[in-house]
Amino acid sequence: MIRHFALLFLLLPGAVYAQPEDEIAGRLISSGAAGQIDLPLLKSDLSVDIQGDMATVQVRQVFVNPSDDPISAEYLFPLNQKAAVYAMQMQVGDEVVEAQIQQKQQAEQTYETAKQDGKAAALLTQHRPNMFTQNVANLMPGQPITVTLSYVQAVPKIDEAYELVLPLIVGPRYQGAVDFDPVPQDVALADFHEEDPAASTEIDGWMVSDLPQYPPVPRLTNPDMIEPARVSLNLILRGAVPVSNLTSATHDLQIGQSEGVISATFQDGRVIDNRNVVLRYELGGEETTAGVLAHHDERGGFVSVLIEPPKVPQPDQITARELVFVLDTSGSMGGEPLHASKRFMEAALQGLRPEDYFRVIRFSSDASEFASRAVPATGGNIRSGLRYVRSLRAGGGTEIDNAIRHAFATRQPANTLRIVVFLSDGYIGREADVLRTIRRQIGDARIYAFGVGAAVNRYLLDAMAEEGRGYARYVDPTQRASDVADTLARDLKSPVLTDIAIDWGELNVSEVVPQHIPDLFDGGAVRVLARYEGGGSADIRINGLVQGREAQMSLSPVLPAASDPQEDMHQGAAIPLIWARTKIADLDIAMAVQTGNPRKLEAQITDLGLNFNLQTQFTSFVAVSKRIVNTGDVPIGIAPVTLPQVEGVGPGAYPNTAFSGSSTPEPQTIFGLIILMTLGALRLTRGRRVVA
353 MIRHFALLFL LLPGAVYAQP EDEIAGRLIS SGAAGQIDLP LLKSDLSVDI QGDMATVQVR
413 QVFVNPSDDP ISAEYLFPLN QKAAVYAMQM QVGDEVVEAQ IQQKQQAEQT YETAKQDGKA
473 AALLTQHRPN MFTQNVANLM PGQPITVTLS YVQAVPKIDE AYELVLPLIV GPRYQGAVDF
533 DPVPQDVALA DFHEEDPAAS TEIDGWMVSD LPQYPPVPRL TNPDMIEPAR VSLNLILRGA
593 VPVSNLTSAT HDLQIGQSEG VISATFQDGR VIDNRNVVLR YELGGEETTA GVLAHHDERG
653 GFVSVLIEPP KVPQPDQITA RELVFVLDTS GSMGGEPLHA SKRFMEAALQ GLRPEDYFRV
713 IRFSSDASEF ASRAVPATGG NIRSGLRYVR SLRAGGGTEI DNAIRHAFAT RQPANTLRIV
773 VFLSDGYIGR EADVLRTIRR QIGDARIYAF GVGAAVNRYL LDAMAEEGRG YARYVDPTQR
833 ASDVADTLAR DLKSPVLTDI AIDWGELNVS EVVPQHIPDL FDGGAVRVLA RYEGGGSADI
893 RINGLVQGRE AQMSLSPVLP AASDPQEDMH QGAAIPLIWA RTKIADLDIA MAVQTGNPRK
953 LEAQITDLGL NFNLQTQFTS FVAVSKRIVN TGDVPIGIAP VTLPQVEGVG PGAYPNTAFS
1013 GSSTPEPQTI FGLIILMTLG ALRLTRGRRV VA
């Protein structure tokens, strides 16, 4: 049975919680067995409290039902891949419910039971470390449901400044080559997520959870269909040392400063959620290159060591390099992203040293390259490489796994350091395949991952860089991309501090994370965490190599041996959560690259989630109201919250979303024309009513 939907093209400003039907921005209707179903509306508020290099964030999501009938909503949204989500709260009317952490299957059953009982309920599900869905049951007309998530994260230091990324939108994800049907005949918008929420695919004997269906993207056919003011920001920044230079290259901010505290909001109050928020700031008064934080509670002691590389001059002798440039030319890179990648490549090739070698590989549904082997960086070869880069066009899928195999398929020139430079938006769903291939083939090479886009899959690109002992940087093609691309391309850094190891002395530590300490580059930092027993004075020594020469640093912290009930989240109480989240990340990678027993790894992740009250891929927060809110017998439709088109991403990444929300958005097809013709034929009209 074909079910139809229509977009209403009436756009008048005003509050979205109390508007006549034909004045609701972002209105999208599905008609099915239960009648027409309006997609829920959304408002989000971000409250960010940063102290030093530790951030506590609250994400408040308000869901509103603009229809006459009860519906259940599903919202696909991102969080920072390093976020330790430790609490969730739901409010329905004057009832406030604290969510409980449960095993994923139990939480899903709790949610379904509440849904059938007519109670309001909210279920948080993690699909990837940076991709979540919020399910809300029994969203009643005129009765908004508010869900608030709380998380903590350490703010990484990147290129001499601290950088906090607040993701606002999940970009499309390419799942691999599939048979593409531009107009599904058996998928209804109201059936957005009626499939098994725990659905998975078997890959090499491993069961890998599937991604959720991608929501409708009405902006593809009418750019004004999404409410333009969905997200607000309220940020406070302070520190034990002076803080300064809070900036954002992605959003205009209204910044205030008083008594050493910096506050910030969006310049226009609210913004559309079509790009990530990137904030950078500086901390003054730093005189050391390492520091220790510790916390002790009923679970024991937790210690964090922050390491920064020494500031040393560049060496006189620089190892010759083989630069392997791997460019994503898939459909989602069309337009501004590919233009920024080409600008990056022009600067990078022109900046090669005479002793270097280079290769250029392009990939989409397949992979090909400029030359069959690495060529010397002569003037003629560089000019030929530039002509090849300028000729590239976007189109097709994102088979990045093939590109990685291509990058390591040739023999490396003698006496060189191989550096594989990826330029991509990372819009794929099979991250595990990519990481597994890298671990198997990386050898002594380095991977530098450059994300190009306004809502890049940072989880994938950061993980690629970590596996490749390199670094990740990001270019927003809608914000001075040329300047940023030039700067990054001309500064392909070599690591300053390598082979890092920590000698804990007499301190009894266990479960040190991350399992593999990455190399450190100029202007960066790495945090190493562990559990400890006892407390008191400790002698810790950091060992490493600085440009091949042995280097050491000694620290003598005093670690607490008992709990401090007065300690707040910024003074150290966040350390256990960040340790547990980092431990979970290590286990996630182990599962992705198939190192270890999957059942044992799953049990470890589940135990960490339950013991530390953390959202994971195997644990979920679920909240259920005490009151029954839905006393009728009207069938409940399931409706997704619509997403805007990611800024700078063309329609080629979304050929299928306006009907079924495919999680396989590429390759490009003529589907955009089909959408326009179909929408014109299926447009519906309804009478006016007031949504309270």
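The opening position of the sequence shown corresponds to residue 353 in my numbering, with each subsequent residue numbered one higher.
Every residue gets a Cβ at the ideal spot worked out from N, C-alpha and C, and that includes glycine.
Per-residue DSSP class, three states only, for residue i
| i | result |
| --- | --- |
| Glu375 | Only weak support exists for where Glu375 lies, its pLDDT of 33 falling under 50; the coordinates are left without a value. |
| Gln458 | helix |
| Met483 | strand |
| Arg622 | strand |
| Asp576 | Only weak support is given to the placement of Asp576: the predicted model assigns it a pLDDT of 49, under 50, and the value that follows is read from those uncertain coordinates. The answer is coil: DSSP assigns Asp576 none of H, G, I, E or B. |
| Phe429 | strand |
| Glu310 | Nothing about residue 310 can be reported from this structure: the residues present for the chain run from 353 to 1044 only. |
| Ser584 | strand |
| Gln702 | helix |
| Val836 | helix |
| Ala746 | coil |
| Pro992 | strand |
Sequence-distant residues of the same chain with beta carbon closer than 6 Å to residue i, five excluded per side
| i | result |
| --- | --- |
| Pro580 | Ile624 |
| Val727 | Asn733 |
| Gly1002 | Gly686 and Gly687 |
| Glu783 | Leu812 |
| His758 | Ile713 and Ala719 |
| Val569 | Leu995, Gln997, Tyr1006 and Thr1009 |
| Ala903 | Gly896 |
| Val444 | Ala472, Ile497 and Ser977 |
| Asp838 | Ala699 |
Burial state of residue i, where buried means 16 or more other Cβ atoms lie within 10 Å
| i | result |
| --- | --- |
| Gly795 | exposed |
| Gly494 | exposed |
| Ala824 | buried |
| Gly984 | exposed |
| His868 | exposed |
| Ile980 | exposed |
| Asp916 | exposed |
| Asp446 | exposed |
| Thr730 | exposed |
| Pro847 | buried |
| Thr789 | buried |
| Asp718 | exposed |
| Thr500 | buried |
| Asp753 | buried |
| Lys471 | buried |
| Val827 | buried |
| Ser776 | buried |
| Lys509 | buried |
| Asn767 | exposed |
Residues near residue i in its chain [Cβ-Cβ closer than 8 Å; skip 5 each side]
| i | result |
| --- | --- |
| Gly857 | Ala890, Asp891, Ile892 and Arg893 |
For residue i, the first and last residue of its enclosing beta strand (DSSP E)
| i | result |
| --- | --- |
| Thr617 | Val613 to Phe618 |
| Asp855 | Leu849 to Asp855 |
| Thr934 | Where Thr934 is concerned, there is no enclosing beta strand (DSSP E), although the alpha helix (DSSP H) it sits in stretches over Ile927 to Ala944. |
| Val741 | Taken as a continuous stretch (DSSP letters only), Val741 belongs to no beta strand (DSSP E), being part of the alpha helix (DSSP H) at Gly731 to Arg742. |
| Ala672 | Ala672 to Asp680 |
| Asn597 | Val595 to Thr599 |
| Val448 | Glu447 to Glu450 |
| Leu658 | Gly652 to Ile659 |
| Ala1005 | First-last for Ala1005: undefined, no H or E at that position. |
| Tyr312 | Beyond the ends of the chain as shown, which are 353 and 1044, falls residue 312; an answer cannot be given. |
N-terminal and C-terminal residue of the alpha helix (DSSP H) that residue i is part of
| i | result |
| --- | --- |
| Glu954 | Pro950 to Asn963 |
| Met816 | Arg810 to Glu819 |
| Ile790 | Glu783 to Gln793 |
| Gln969 | From DSSP, Gln969 is part of no alpha helix (DSSP H); its letter is neither H nor E. |
| Ala1045 | Since the first residue shown for the chain is 353 and the last is 1044, residue 1045 is missing from the structure and cannot be characterised. |
Cut-off 7 Å between Cβ atoms - residues of its own chain near residue i, not counting five sequence neighbours on either side
| i | result |
| --- | --- |
| Asp548 | Low per-residue confidence applies at Asp548: pLDDT is 42, beneath 50, and the placement is therefore not dependable, though the value from the model is reported in the following sentence. Result list for Asp548: empty, nothing under 7 Å. |
| Ala723 | Arg711 |
For residue i: DSSP bridge partner residues
| i | result |
| --- | --- |
| Phe415 | Leu394 and Ile497 |
| Ser906 | Arg893 |
| Thr477 | Thr485 |
| Lys694 | Note: Lys694 sits in no beta bridge, so no partner. |
| Tyr514 | Lys509 and Tyr633 |
| Pro728 | Tyr709 |
| Tyr800 | Val773 and Tyr823 |
| Thr768 | Ala672 |
| Gln410 | Ser399 and Ser502 |
| Ser684 | Ser684 pairs with nothing; no bridge assigned. |
Cβ-heavy atom distance, residue i to the ligand SAH, below 6 Å
| i | result |
| --- | --- |
| Asp938 | Absence of the ligand SAH is noted for the structure shown, with no ligands found whatsoever. |
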